[in-house]
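Below is one structure; the comments refer to it alone.
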Amino acid sequence: MLRWIRQQLGFDPPHQSETRTVYVANRFPQHGHYVPQRFADNRIISSKYTIWNFVPKNLFEQFRRIANFYFLIIFLVQLMIDTPTSPVTSGLPLFFVITVTAIKQGYEDWLRHKADNEVNGAPVFVVRSGSLVQTRSKNIRVGDIVRVAKDETFPVDLVLLSSDRADGTCHITTASLDGETNLKTHYSVAETSVCQSVSQLESLQAVVECQQPEADLYRFVGRITVTQHGEEIVRPLGPENLLLRGARLKNTKEIFGVAVYTGMESKMALNYKCKSQKRSAVEKSMNTFLIIYLGILLFEAILSTILKYAWQAEDKWDEPFYNQKTEQERNSSPILKFISDFLAFLVLYNFIIPISLYVTVEMQKFLGSFFIGWDLDLYHEESDQKAQVNTSDLNEELGQVEYVFTDKTGTLTENEMHFRECSINGTKYREVNGKLVPEGMTDDSPDGSMPHLIGEELLFLKAVSLCHTVQISYDQPDCMVGGGDPFSHANGFSSNHMEYYASSPDEKALVEAAKRIGVAFTCSSGDIMEIKTFGKSERYKLLHVLEFDADRRRMSVILQTPSGGTVLFTKGAESSILPFATGGEIEKTRLHVDEFALKGLRTLVVACRHFSPEEYIDVDRRLNAARTALQQREERLQEAFSYIERDLQLLGATGVEDKLQDKVQETIEALRLAGIKVWVLTGDKHETAVSVSLSCGHFHRTMNILELLQQRSDNECAEQLRILARRIKEDHVIQHGLVVDGASLSLALREHEKLFMEVCKNCSAVLCCRMAPLQKAKVVRLLKTSPEKPITLAIGDGANDVSMIQEAHVGIGIMGKEGRQAVRNSDYAIARFKFLAKLLLVHGHFYYIRIATLVQYFFYKNVCFITPQFLYQFFCLFSQQTLYDSVYLTLYNICFTSLPILVYSLFEQLVHPHVLQNKPGLYRDISKNSLLSFRTFLYWTLLGFCHAFVFFFGSYILMGEDTTLMGNGQMFGNWTFGTLVFTVMVITVTLKLALETHFWTWMNHFVTWGSIAFYFIFSLFYGGIIWPFLHTQDMYFVFVQLLSSGSAWFAIIIIVITCLFPDVVKKVFYRHLQPTSTQKSQSLSAPQTQALSCVESLCCYQHGQSGCSRLAHLLEQITGQCQASTNHCHTSSRNNRWGGRRRLQETMIMNPDEPSPLGFTNLGCRP
């Protein structure tokens, strides 16, 4: 019991050993000292709360936020001491914020509970007591034998025991895990593959030993010991034997597997770990401003307390005749009294800290993020994919990016490979009409004639057709089920009946090219691979696969040839093959590889090695020993692979073209004009990478290209960096580009970070080639943590880009062809690189200006709110008398002034989207957090104090000498004075936001004028009726009397004009004498009536589309942007899953002859 408690508290983890032992069918040993192991049950728990801990846990999490905790302290102070305001004034806003957040989080967690229950209660079949029993998924235990049928998902992590196929293999897809839709083949060991019935499985005696659970989807180390006739047979287990929870069974009728990892210990569940929380620059600025305002609050409270005691130094003010002290008050401690007064003033002024700021910011980010998904400019029609927002916390960070780090393959390129050229035995060939033609020759042979390929050429093509992990899919997917002839399709081979699937596009392109030339890979069944060489069938036995890994950068297969010999085929990067080659045309091939790379082709080198029977026996022994090892298996496998993959005979090299994506060059140029530096980080060799960089505009032909390549020592690297730094200073070239490879980068980052950064910052473009995934993240971290602290963005499409994406301030995943790992781990996901320009230049620009104004306006309106309260104390002997009624204190931020700024922060546009697209330089105006600089913050704060002084003293001048403002001589009191100040304040701060608004929609009009009207209507009802549930009603008939005074109306108008007129003059003055580039661009925009383009041109809609399509159409009709009868958005229907999609035709608001640098379609409503 004590151990269990320790385990629950995390002091005594349940897994003491590095491995776990799983007894198949839970057949535990009957003799010996067997100690049962504790394993997790199979319940998946993605929820945060239970019904018992929701309230305390949620409250704890919410009060960790400093503003919530601060208001809780204020509320408790109001409860404990006699304060001038009711505890309701602090308690009600706090309760509102806490309740809304708790309801939101509780609902989200309820949905998670619901999803968990659905998964955990799913029916499954397990083998127990000699029969197949149906149970629930949550009841599966480690060691249970589970049956899974075709198209079902695996409920646990299983080691495959057998399938309905004779060879014990099965096909699965892991799309829900890593996004890869290709079929993957998994294998069972020969000793268990024969157990295809429940009775055979019940009699199976086997033990699985494997590593403890870990999150890596592609790593599994284990072995299975099968006892047959008293003899123990040990077989290795690897990732190809493990069926992961969440994957789906395909093209196989059923399989049986033993559960090894259950519930929260399955690899899928271990990958649920949350990413590290990223915080935007705006959020950091907001916290800094809060601390400053907290200082202002403390200063005001301390000053008021000191002045109170200074004033009361005179006896006539300390104890006036009308307010005699009690005996207890006279004898109370001066220190306690001072603290009590200080806390009372703290409560009185506490509304200078805006609690509703957090709620409004969260709502703005959440609602604003929908515009990205609704934007049809970010929709990719071919793949039917729209932009995706995984986190809305970083919306404004899109407007602050200074560095973009991008992958090349699949991000700048299409990741669609096409075979172009090859080198065989020192001779270059190209494919012409499905035939290999040597360089310099033409295809003049008649159609249909048999090509004459010599031995080296055939061997090269066979290597290409056999050295891969490609799968074949037929029109009849169950063709090999039930023990039929696995080669029935191969024997009647037709290219129309089969399709290749590969996790690597390069492999697929090479196998398809070999097939077109005449050496076709036609079938793979178990360990048999069949090819057809110009119609002649050949069967090879697959003995071993030496899997690809990022360190070796090559993969190999060991095959038994039809003649009985043993051969190894290997392919990989030239740097990982050529050093190990001892035969063949090495130098010629090296030159050809460099030529291919200069053309921008992706290169692979192919080689082979023939084994004698004795050599193969040694190779087989080494591989089996390494693969059955439970400790240090990876290291031992690397040693074995290095021993095998040597003394290679070079066969040749391939050149595959990866086409550039559409509008990549325009996008990179737009980013450069916006002041954003683009770094390309790729694993390709440097010639290929430089060629692609030049073709996509990353490097210019006129750019001075600097190189840091093949550095072998720290001193050599440092000297080269100094030379480059000297060249940059001496060369009078406008732009420099830097090329650095992975090995040199490792040396530069080890000892010479500052020197390397100095060189990089003086380069307009940097290209890093031969990069490992971890190196990509290190480069991003290096820039991110440099003294300037620039905002970084990383964009990629593959699993090797995940570390880079997570390291950068903003991570963007490309929905490409290398799975969905990058998309799942990113903050935003887009279908094509070209969409990055609009995401940053338009969406990023809008999000930043909106939230920057929101934050500063919130502080401004709260300074306006509390400063009159502070000034009022000078006129009431610092008696802590409140200027405003408690209801007004409570509702000011919640109701009277909250909606206008929220709507502003959702729809505001300083410049029309088309202008932002056509003038990327406008992005520089908002860079480096310029709208939230200390100078701007100081302006808004001082403006708030100035307006507050005008509110207070304007009202005081009106009422200070003569309070008989009514015609009948009736006098006004302090509540009337406070209400007058409050009325002027509500109108002024609302109109101030109206002055800041450049883009008016009907919603802006509704909430702006509606908020003022609501205040008047609410005040009339609140003060015009005696409410029975209120203990006191100081405001009874106050507002009615105030509005019945002509002098009060005159005062309201004069004070509002006095506050806002200087703002108007300042705006006009600066706009004409010192206009910013943004203000200059505003004059290029279309008139206001044409500016609204289907709700800020960020989302366009069509009939039947989800989202706000009908609302948008209604908005456009009401505001006159699109007349219902004559004006409409031009559309061209195209079907997709959203319903008939409409593409809005172009409406140029600039010179029609001036092309956009991005080539974006301008969206607008036809005039």
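Okay, so the sequence shown: first residue is 1 according to this note's numbering, each after it adds one.
Positions of the beta carbon are idealized from the N, C-alpha and C atoms, including for glycine.
As the structure is a computational prediction, the values presented were derived from the model and not from experiment.
query	result
In chain order, each beta strand (DSSP E) run of at least 3 residues that lies wholly inside the segment 490 to 560	498 to 501, 519 to 525, 528 to 533, 536 to 546 and 554 to 560
CB contact flag (leucine 546, serine 537, <7 Å)	no
Serine 188, buried or exposed, once every other Cβ within 10 Å from all chains shown has been counted against 16	buried
Residue from Gln212, Ile901 and Leu673 with nearest C-alpha to methionine 363	Ile901
Runs of alpha helix (DSSP H) wholly within the segment 829 to 884 (minimum 4 residues, chain order)	835 to 838 and 845 to 872
Neighbour-count burial assignment, tyrosine 49, 16 or more Cβ in a 10 Å radius	buried
Tyrosine 892 versus valine 759: straight-line alpha-carbon distance, rounded	54 Å
C-beta contact flag for isoleucine 676 and valine 915 at 7 Å	no
Methionine 1003 burial status per 10 Å Cβ neighbour count (16 or more: buried)	buried
Through-space distance from methionine 771 to leucine 839, alpha-carbon basis	27 Å
Through-space distance from aspartate 527 to glutamate 18, alpha-carbon basis	32 Å
Asparagine 800, buried or exposed, once every other Cβ within 10 Å from all chains shown has been counted against 16	buried
Within 7 Å, strictly: CB atoms of histidine 686 and leucine 623	no
C-beta atoms of valine 989 and isoleucine 1052 nearer than 7 Å	no
Anticipated Cβ contact below 8 Å, threonine 221 with glutamine 228, distance rounded	The sequence given here places valine at residue 221; threonine does not occur at that position. Not quite, the Cβ-Cβ distance comes to about 24 Å (not below 8 Å), so this is no contact.
Residues bridged to asparagine 704 [DSSP beta-bridge criterion]	His736
N-terminal and C-terminal residue of the alpha helix (DSSP H) that alanine 344 is part of	334 to 349
Sequence-distant residues of its chain with Cβ nearer than 8 Å to leucine 889 (five each side left out)	Thr85, Thr89, Phe351 and Thr882
Cβ-heavy atom distance, alanine 626 to the ligand SAH, below 6 Å	The ligand SAH is not part of this structure, which contains no ligands at all.
Proximity to glycine 737 [Cα-Cα], best of Leu836, Tyr1070, Leu346 and Ile705	Ile705
Distance CB(alanine 269)-CB(valine 142) smaller than 7 Å	no
Proline 236 - partner residues in DSSP beta bridges	Arg223
Residue nearest to lysine 1066 in terms of C-alpha spacing, selected from Val24, Phe580, Gly399 and Glu996	Glu996
Alpha-carbon spacing of lysine 663 relative to lysine 834, whole angstroms	6 Å
Cβ-based neighbour list, phenylalanine 982, same chain, cut-off 6 Å, excluding 5 preceding and 5 following	Tyr884 and Tyr888
Opening and closing residue of the alpha helix (DSSP H) in which arginine 727 lies	714 to 730
For threonine 936, the first and last residue of its enclosing alpha helix (DSSP H)	934 to 959
Beta-bridge partners of lysine 253, as assigned by DSSP	Beta-bridge pairing links lysine 253 to no other residue.
Continuous beta strand (DSSP E) stretch holding arginine 20: start and end	19 to 23
Alanine 777 to isoleucine 805 span [Cα, whole Å]	8 Å
Euclidean distance between Cα positions of arginine 553 and glycine 572	6 Å
Limits of the unbroken beta strand (DSSP E) element including histidine 171	170 to 174
Lysine 659, enclosing beta strand (DSSP E) - first and last residue	648 to 660
DSSP beta-bridge partners of phenylalanine 419	Val656
Selected residue, minimal CA-CA separation from leucine 1060, among Gln880, His752, Cys946 and Leu1073	Cys946
Cutoff 7 Å; reference methionine 286; Cβ partners in own chain excluding five residues on either side	Val855
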